[in-house]
Amino acid sequence: MYCCQSFENYVLRAGTNGISIVLCSGPKNLQFAMQYRVVSDGMDLEKEMPVISSLQGGITLIATVRVLFCPFCGTELSKIIESYQEQFNELALLHRGISQ
Ligand SMILES: [Zn+2]
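Just so you know, we're using our numbering here: the sequence shown kicks off at 462 and counts up by one.
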């Protein structure tokens, strides 16, 4: 259901630290986004990374940028969402807590 293996691999990384691709629920439709996380979803920052948690501001822990086209193969992502709407609705529910 994905346009290419690279895109799928990054979707499978959703919620983990580093770069991943998440599915976001927009006001009108679903949209994919590239996300960079310093820490994985659910990580106890104070306990596991006390140095970062002690810093006051100035550090972006999560950055999310919507993407319209696959960064690997160039496919228009709205087309794959339309083709597998039901599956991507389920994925959006799974990603609800990690997409912003
Ligand atoms: Zn692709």
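Cβ coordinates follow ideal geometry from the N, Cα and C atoms, glycine included.
Given N490, which residues of its chain have a CB within under 8 Å of its CB, disregarding the five upstream and five downstream residues? S539, I542
Is the CB-CB distance between L484 and A553 below 8 Å? yes
Relative to the C-alpha of I559, which residue among Y463, Q496, E547, V528 is closest? Q496
Please state the DSSP three-state secondary structure of V499. Correct three-state label for V499: coil.
Look at V526 and F493 and say whether their C-beta atoms are less than 8 Å apart. no
Based on Cα-Cα distance, which residue from N550, G503, Y545, V500 lies nearest to C464? Y545
CA nearest to the CA of F530, picked from A475, V512, E551, I482: I482
Return helix, strand or coil for A524, following the three-state DSSP convention. Three-state DSSP puts A524 in a strand.
Which residues in the same chain as S514 place their Cβ atom closer than 8 Å to its Cβ, once the five residues preceding and following it in sequence are excluded? Taking S514 as the centre and dropping the five residues before and after it, the same chain places the C-beta of L506, E507 closer than 8 Å to its C-beta, in chain order.
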